[in-house]
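Position 230, counted from 1, in the sequence shown is what our numbering calls 429; the numbers after and before it change by one each time, with no gaps.
Beta carbons: idealized from backbone N, C-alpha and C, even for Gly.
Since we're looking at a predicted model, the values are computed, not measured.
What follows is one structure encoded as structure tokens, with my remarks underneath.
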Amino acid sequence: MLVLEALAKGNLAIFRFNEARRYAEEMLEQSPNHAQAYWLRGKSWVKLQQEEKAEEDFVKAVSLDPSAFECRLSLAEFLLHQGQLRLAVAQYGILLGLAPDESRAVVGLSRCLHDLSELETAAKLLEGFLAKQPNEVPALVERGRLALRMGNPVEGEKWLRKAQALAPGKQEVKLVLSLCLEAQGAEDERLRQRINEDERTQVDIKLALRNNTRAPELLCKIAQFTRETADELDALGFLYLALLEQPKRSQTHAALADYFERVGQPKRAESHSQRASRTATGTHRESISNALPHRKASQVAAVSPKQTPMMALEQTPVPEKASHQQVVQVCAACHAYPPPESMPRSAWRKEVKQGFDFLRDSTLSIEFPSLESVVAYYENLAPETLPRVEANGLVASASTKAVPWHFQRQKAGWVKNLPPFPATTHTKFARLTGDKDLSLLVCDTRLDRVLAVRPNSEPPAWELLGPALVPSHAEATDLDGDGLCDVVVACLGQFFPTDDKVGSIVLLRCQSNGTFAPVTILEGVGRVADVQVADFNGDGRLDLVAAVFGWRRTGEILYLENQTSDWSKPKFGVHRVDNRHGAISVPVVDLNKDGRPDFVALISQEHETVVAFLNSADETNFCPQSVRQYEESSSVDQPRMITTSQLGSLALRAWMDWSLPRN
């Protein structure tokens, strides 16, 4: 059982979540009432985005071992993330009874109070904790965030400056500090430079890791950067990955020795220190069962109601629902007001919680109702389920007419020696160089390639045109004017949501022999969702316009003016047209019929708008005109617009050394 527990924890630490889940299930097969096994499987379900299963496992773990601190903490954090604030408050209250000086419980409870609009109570809670532990960075950050939310960014800056002195590299410190400065209309040039440098470093190492996932030097570099800027346990996972690839590497052992020294595990620290200073012989086994902390009942204080005053909130009546005006005010602070009927009742709590998370990381200090009252508003008015969409008369009438076209499904096979399941983001018919018939261009994010298939070939054959990092959109055009059809590709850089500036635009430049050579036109921006081609300034050269979707903090719309003289090194002047994130597509059209190409942008996220950008006489300027944005209306004639918005399996037993005492 101890071996399975260590394997489950180890796989969690090194991001192998399915493997961790399987080891936890093996534990449950041997011991069906093992609280740790339910907790470990629950943590795996969270990472695998199976939230209902995660909640069931966390609740079961806590019911089996009520004094297990980490089990209850995971349940509290999960409930907070789901917007179940009153339930989360109760769990954090118990946690403070178990460990009154545990910063994670204090900060978690303060976040619950923040969303419940109990701002003064949250501030007093944090200040009382910081009076005893003044150097706890997460508590300092949260206190600064509260000050910003309460309309006092100057005070917020003071808390954040102290956090910055203690942890200058932490990303959250820099983010909230920059928000405090923004709210004051101030700027810290050194802070801005550090943020930009960290963004570039993060992008560089992430892109390098995609190309070489097994390089110990790179894994250790990522671990160091992660420890300085983000999460200690994630950093530990990268160190163990590096150790797997090269067990005798002294630099990795030295880094692990430093980690275990800092977390108070001297025997493990000494073990790795010795291995760092000599050449290891044989296979060393290192237990990482403590990589994910676990407090046993004997290690924590008994629960005392006197230590959990916040539990009283759980007993108070649920607040009345917010008014329509209050909800519109809080929603419209960031985006268009979404009507209750746009989603079923069960979806609203999590959606409202996500909106409050946006507010937490903004400069807004408006007074708005508690999360619970907003949830009550939506759950009271939302339908249990969404109605079926019935075909209207126009569709029904059209379906009775004879269709002049006939389509036949034709299989094209797939590319040999490649993963069998494509992950297609975009398809488009195009006439490539030398082809009289159309080819189908395909962007595939699993392969990180742009492909083409010629449907009229016998049999249809796939061709790999060139590499592109998570391609999202491809346009076939003769960009360089040499008579050969090139392909311009918008690249997300990473499929899952991120503010990392991993996006790019790649030109697959057609060669005389029919192959395509990749050339990077733009990089170091947020995730690029779309790119379109036109001669916007009338100089006879094709320019580009790009929808940089980004995520929450990065994103923009860019006009790239073609200034290239040598196509082996393309040069484009980059002009920001719009600084909003969430741009999905930017189709080109001459809207006002003046002979100059304009473009239309669909912008999602909290903006939910369609904007026409009219080409002006200024060669680098476009005039925005809103085409359609949400307007609240109950009129049938004015329908509402609603929100749009590998590593191999690791044999951890090679690291387990049961002769080492557990610290």
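From W238, H280, E416, C311, pick the residue whose C-alpha is nearest to that of G292; which is it? For the purposes of this step, residue 292 is identified with residue 93 of the sequence shown, where counting begins at 1. Residue C311 is the option with its Cα nearest to G292.
Could you work out which residue in A733, S711, E326, G692 is closest to R726 when comparing CA atoms only? Walking along the sequence shown from the start, residue 726 turns up at place 527. Nearest in C-alpha terms to R726, of all of A733, S711, E326, G692, is G692.
Distance check for T623 and P654, CA to CA, integer angstroms please. Taking the first residue of the sequence shown as position 1, residue 654 is located at position 455. Taking the first residue of the sequence shown as position 1, residue 623 is located at position 424. Distance between the alpha carbons of P654 and T623: 17 Å.
Kindly indicate which three-state DSSP category C311 falls into: helix, strand or coil? The residue given as residue 311 occupies position 112 in the sequence shown. C311 falls in the helix class under three-state DSSP.
What does DSSP give as the partner residue(s) for K627 in the beta ladder? For the purposes of this step, residue 627 is identified with residue 428 of the sequence shown, where counting begins at 1. K627 has L640 as its beta-bridge partners, per DSSP.
By DSSP's criteria, H672 is part of a beta bridge. Which residues make up the other side? As a working note, residue 672 is residue 473 in the sequence shown. In the DSSP output, where bridge partners are listed per residue, H672 has A689.
Going straight from the alpha carbon of F268 to that of L295, what length do you get? The residue labelled residue 268 in the question sits at position 69 within the sequence shown. The residue labelled residue 295 in the question sits at position 96 within the sequence shown. Taking the straight line from one Cα to the other gives about 10 Å.
For Y758, write down the residues that DSSP places opposite it in a beta bridge. For the purposes of this step, residue 758 is taken as the residue at position 559 of the sequence shown. V744, H774.
Buried or exposed: where does N761 fall if 16 or more other Cβ atoms within 10 Å of its Cβ makes it buried? Here residue 761 is taken as the residue at index 562 of the sequence shown, counted from 1. It is buried - the Cβ of N761 has at least 16 other Cβ atoms within 10 Å.
Measuring alpha carbon to alpha carbon, tell me which of Y576, Q607, K552, A382 ends up nearest E519. The residue labelled residue 519 in the question sits at position 320 within the sequence shown. Comparing Cα positions, the closest option is Y576.
Within 8 Å, strictly: CB atoms of I783 and L801: As a position in the sequence shown, residue 783 is number 584, starting the count at 1. As a position in the sequence shown, residue 801 is number 602, starting the count at 1. The answer is yes: Cβ separation under 8 Å.
Flag this pair as yes or no: are the beta carbons of L347 and A338 separated by less than 8 Å? Reading the sequence shown from its first residue, position 148 is the one you call residue 347. Reading the sequence shown from its first residue, position 139 is the one you call residue 338. In this structure, the beta-carbon distance from L347 to A338 does not fall below 8 Å.
As assigned by DSSP and simplified to three states, the class of L721: As a position in the sequence shown, residue 721 is number 522, starting the count at 1. Correct three-state label for L721: strand.
In terms of alpha-carbon separation, which member of A673, P621, G612, V649 lies closest to S656? Taking the first residue of the sequence shown as position 1, residue 656 is located at position 457. Relative to S656, the option among A673, P621, G612, V649 whose CA is nearest is G612.
Does the segment 728-741 come close enough to the segment 676-683 to have 3 or more Cβ pairs within less than 8 Å? By the C-beta criterion, the segment 728-741 is judged to be in contact with the segment 676-683, since at least 3 inter-stretch pairs fall below 8 Å.
Where does V614 sit, in a helix, a strand or coil, going by DSSP? Taking the first residue of the sequence shown as 1, we reach residue 614 at position 415. In the structure shown, V614 sits in coil (DSSP, three-state: anything other than H, G, I, E or B).
Below 8 Å on the Cβ atoms is my contact criterion, and I expect D734 with C709 to pass it. Report the Cβ-Cβ distance as a whole number of Å. Here residue 734 corresponds to residue number 535 of the sequence shown, with the count starting at 1. Here residue 709 corresponds to residue number 510 of the sequence shown, with the count starting at 1. About 19 Å; that fails the 8 Å criterion.
Option nearest V375 by Cα separation, candidates R461, L563, V687: Within the sequence shown, residue 375 is the residue found at index 176, counting from 1. Per the Cα distances, L563.
What is the DSSP secondary structure of S784, reduced to helix, strand or coil? Here residue 784 is taken as the residue at index 585 of the sequence shown, counted from 1. Strand at S784.
Determine contact between the segment 305-319 and the segment 273-292, defined as no fewer than three beta-carbon pairs at a distance below 8 Å. Three or more beta-carbon pairs separated by less than 8 Å link the segment 305-319 to the segment 273-292, which places the two stretches in contact.
So is K792 buried or exposed if we call it buried at 16+ other beta carbons inside 10 Å? Counting from 1 along the sequence shown, the entry for residue 792 is found at position 593. Burial call: exposed.
Taking the alpha-carbon of L325 as reference, which of S316, D256, V340, P621 has the nearest alpha-carbon? Taking the first residue of the sequence shown as 1, we reach residue 325 at position 126. Of S316, D256, V340, P621, the residue nearest in Cα terms is V340.
Quick check on DSSP: helix, strand or coil for L247? Here residue 247 refers to the residue found at position 48 of the sequence shown. Three-state DSSP puts L247 in coil, outside helix and strand.
Taking contact to mean 3 or more Cβ pairs, one atom from each stretch, closer than 8 Å, check whether the segment 361-372 and the segment 419-431 are in contact. Short answer: they touch.
Neighbourhood of R751 by C-beta, 7 Å cutoff - its chain only, sequence neighbours within 5 removed: Here the question's residue 751 lines up with position 552 in the sequence shown. Taking R751 as the centre and dropping the five residues before and after it, the same chain places the C-beta of D698, H780 closer than 7 Å to its C-beta, in chain order.
Taking V649 and A660 to be in contact with their CB atoms under 8 Å, please state how far apart those CB atoms are, rounded to whole angstroms. In the sequence shown, residue 649 corresponds to position 450, counting from 1. In the sequence shown, residue 660 corresponds to position 461, counting from 1. About 15 Å separates the beta carbons of V649 and A660, which is beyond the 8 Å limit, so they are not a contact pair.
DSSP on T808, reduced to helix/strand/coil? By one-based count along the sequence shown, residue 808 stands at place 609. The answer is strand: DSSP assigns T808 an E or B state.
Residues in the same chain with beta-carbon distance under 6 Å from S243, minus the five sequence neighbours each way, listed in chain order, please. Walking along the sequence shown from the start, residue 243 turns up at place 44. When the five nearest sequence neighbours on each side are left out, the beta carbons in the same chain lying within less than 6 Å of the beta carbon of S243 are those of F216, A219, R220, in order along the chain.
Local Cβ density within 10 Å of S803, reported as buried at 16 or more and exposed below that: Counted from its first residue, the sequence shown places residue 803 at position 604. So S803 counts as buried.
Let me make sure I understand the geometry here. Which of A385, Q281, A581, C419 has the alpha-carbon closest to that of I213? Here residue 213 is taken as the residue at index 14 of the sequence shown, counted from 1. Distances from the alpha-carbon of I213 to those of A385, Q281, A581, C419 put C419 closest.
To the nearest angstrom, how far is the alpha carbon of K373 from that of P352? Here residue 373 refers to the residue found at position 174 when the sequence shown is read from its first residue. Here residue 352 refers to the residue found at position 153 when the sequence shown is read from its first residue. Distance between the alpha carbons of K373 and P352: 14 Å.
Which listed residue (E335, H534, Q607, K252) has its alpha carbon closest to that of Q363: Position 164 of the sequence shown, counted from the first residue, corresponds to residue 363. Considering only alpha carbons, the answer is E335.
Which complete beta strand (DSSP E) runs does the segment 288-368 hold, if anything under 3 residues is left out? If we require 3 residues or more, the segment 288-368 turns out to have no beta strand (DSSP E) run fully inside it.
Would you call the segment 765-772 and the segment 715-724 in contact, with 3 or more CB pairs under 8 Å? Yes, they touch.
Between the Cα of L442 and those of P465, H452, L570, spot the shortest distance and give me the residue it belongs to. Here residue 442 is taken as the residue at index 243 of the sequence shown, counted from 1. The alpha carbon of L442 has as its nearest neighbour, out of P465, H452, L570, the alpha carbon of H452.
Check F606 in the structure and name its three-state DSSP category. The residue given as residue 606 occupies position 407 in the sequence shown. Looking at F606 - three-state DSSP - the assignment turns out to be coil, as it is neither helix nor strand.
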